[in-house]
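Before any comments, here is the structure.
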Amino acid sequence: MRPRTWVLVLAAVFAVLQLANVTGRDTPDTKNYLSYALSLSGEGKRGAAAGAIEHYCASRAAAAKRAQSVHVIRFHRADPTARVTAGCREREWANVERRLRAGQTGGHTAPFMPERFMQIFEARPGYPVFLVPFVSLLGVTWGVWTASVLVAAAGGVLVFVVLRTLAVPVPLALTGQALYYVLPCGTTAMRPMTEGLLMALTLAAVWGCALALRGGREGRRSVRRGYWLVGGALALLFTVKHSQALFLGVCLAAAGAAVALVRRRRGTPPGRAVPRLAGLGLAAALLTSVLARLLHYPSESESLQDLLTGHFARPDRADPWPEFLQLQGNFWTEWSRRQLREPLFAAALAAGVWGALRRPAFGAFLVAAGATGILTQAGHPDIGIWGERLIVLAWLLPVVGVPLLLEPVVRGGRVPLPAQGHPDRAGAVS
């Protein structure tokens, strides 16, 4: 079969496997995004809340049923679906009705939490806008599932495209796509939250870097396309989660500066692409900061208070920064201890960095993209938050880097590597 056929087959297999879990993936934040999407589709406050609550409670009930079916004591008891659903509806509606009566009716999201907390989600319209056509055409359950499948499958396809842009052999490019699906990237992208879009857009920016860096051999059109991809991805990231746009912009700028500095020290011309990509990243970071202020998005201090007060359930901390720094130390100490106990993630990161550095210029930008996962986790050092989803962007490094590491093995030493300056038909990136 042709390479594109294999790409579609892998994506289709992944999609079919997701039918095993059409429901049961929701997190508490899913209600906020879904109510936002339903509001954009024309529902009123109570209609948006009803759709979000029904989906969330059905998910909780499905998870409870599966958990009971394998519980060694309770597996023979009656189906808990009706009981769990009723209890969930009662709790959620009591909360929403109480807040509506208190006058919390602003914005697009239903009032599931205090208004200060809901402002965080009001500043993230990108994912709800993405959901609108799916929930409008297919209903809430299948609409959310279909949207998740498409964005997760697209992430894997982007991995393949990035690797082919780097002139990696097709089998290894398909391996990268498969790694995206089977590692936590695919699992997290399937959750009805922002992470799937964040990873897809970040990969689009990485693809743009690859195109811009190979532009000397492929022509100006490739260079322009690369810059547009990077800029467009950063712009869309602002709508999905502006902190990711900020982090990625800063990291791309740092990567470009590091590559240019190393090349100058070695007496090698830095070229045009590297400083321009760095400039794009810096401009995006500055513009993100300015727009966030102009639009009155929640600031970093507000996010800090949200973390330390349990979503504003307690009084604000008078001096939060020392507590935050202490929590950072505690978090990374415990995180490191857990990684040493189960070092798959650490080993995968090391392999990804090793593979990325085989293409020094591109590798620096790939490491920068993966570093945004570390920064996101550092911004919210909660050790128990939903399967370590905040750090998931760091998994992009082994997903792309491991195939690069394996490239000499597949080539068998018979074909010169593009990283050595001998491009094959697909082009090369230094």
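According to mature numbering (1 follows the signal peptide of the UniProt record, and there is no 0), the residues represented by the sequence shown are -20 to -1, 1 to 410, in order. Backbone N, C-alpha and C define an ideal beta-carbon position, used for all residues, glycine too. All values reported here derive from a predicted model rather than from experimental measurement.
Query	Result
Contact belief for PHE140 with PHE292 at Cβ below 8 Å, rounded distance in angstroms	Going by Cβ atoms, the distance from PHE140 to PHE292 rounds to 43 Å, so no, they are not a contact pair.
Interface flag, ASN12 vs chain B, CB-CB below 8 Å	Structure shown: chain B not included; a single protein chain is present.
Rounded straight-line distance, which links the Cα of CYS37 to that of SER128	18 Å
Three-way DSSP call (helix, strand, coil) for ALA(-6) in this model	helix
Residues near VAL76 in its chain [Cβ-Cβ closer than 7 Å; skip 5 each side]	ALA29, ALA90, PRO91 and PHE92
Same chain only: Cβ atoms within 7 Å of THR3, ignoring 5 sequence neighbours per side	ALA38, SER39, ALA42 and THR121
Own chain, CB closer than 8 Å to VAL409, minus 5 neighbours either side, in chain order	Below a pLDDT of 50, predicted positions are generally treated as unreliable, and VAL409, at 49, falls in that range; no measurement from the model is reported.
Rounded C-alpha distance that separates GLU368 from GLN(-3)	20 Å
Endpoints, alpha helix (DSSP H) assigned at LYS221	Here LYS221 belongs to no alpha helix (DSSP H), and DSSP marks it neither H nor E.
Through-space distance from LYS25 to SER281, alpha-carbon basis	29 Å
Buried or exposed by the 16-neighbour rule on C-beta atoms within 10 Å, applied to ALA82	exposed
Local Cβ density within 10 Å of GLN306, reported as buried at 16 or more and exposed below that	exposed
For GLY176 and GLY188, believed in contact at Cβ under 8 Å, the rounded distance	With a Cβ gap of about 19 Å, GLY188 and GLY176 do not count as contacting.
Spatial neighbours of THR289 in its chain, beta-carbon cut-off 8 Å, leaving aside the 5 residues before and after	PRO295, ASP296 and ARG297
Within 8 Å, strictly: CB atoms of ALA348 and LEU232	yes
Which listed residue (ALA132, THR65 and VAL115) has its alpha carbon closest to that of VAL(-8)	ALA132
Collapsed DSSP secondary structure at LEU80 in the structure displayed	helix
Three-pair Cβ contact test at 8 Å for the segment 96 to 111 versus the segment 8 to 21	yes
Uninterrupted beta strand (DSSP E) stretches inside the segment 274 to 308 (no shorter than 3 residues)	none
Three-state secondary structure assigned by DSSP to VAL52	coil
Same chain, Cβ closer than 7 Å to LEU329, neighbours up to 5 away in sequence not counted	ALA374, LEU377 and PRO378
Other residues of its chain near LEU183: CB distance less than 7 Å, five sequence neighbours each side excluded	GLY135, LEU138, VAL139, VAL142 and LEU376
Alpha-carbon to alpha-carbon, ALA351 and GLY212	20 Å
C-alpha gap between PHE227 and LEU20, whole angstroms	28 Å
Local Cβ density within 10 Å of GLY407, reported as buried at 16 or more and exposed below that	Its pLDDT being 39, under 50, GLY407 is placed unreliably by the model, and the measurement read from it follows with that caveat. By the 10 Å Cβ count, GLY407 comes out buried.
Beta-carbon gap between LEU257 and VAL210 smaller than 8 Å	yes
Residue from HIS35, THR356, LEU214 and PRO164 whose Cα sits closest to the Cα of GLY123	HIS35
Proximity below 8 Å, CB of ALA238 to CB of ALA344	yes
When VAL372, LEU386, VAL380 and THR313 are compared against GLY166, the one with the closest alpha-carbon	VAL372
Buried or exposed (CB count within 10 angstroms, at least 16 for buried), GLN357	buried
Residue burial classification, THR174 (beta-carbon count within 10 angstroms, cutoff 16)	buried
Reduced DSSP secondary structure (H/G/I, E/B, other) of ILE354	helix
Through-space distance from ALA253 to ARG(-17), alpha-carbon basis	29 Å
Three-way DSSP call (helix, strand, coil) for residue 497 in this model	Shown here, the chain extends from -20 to 410; a query on residue 497 therefore has no answer.
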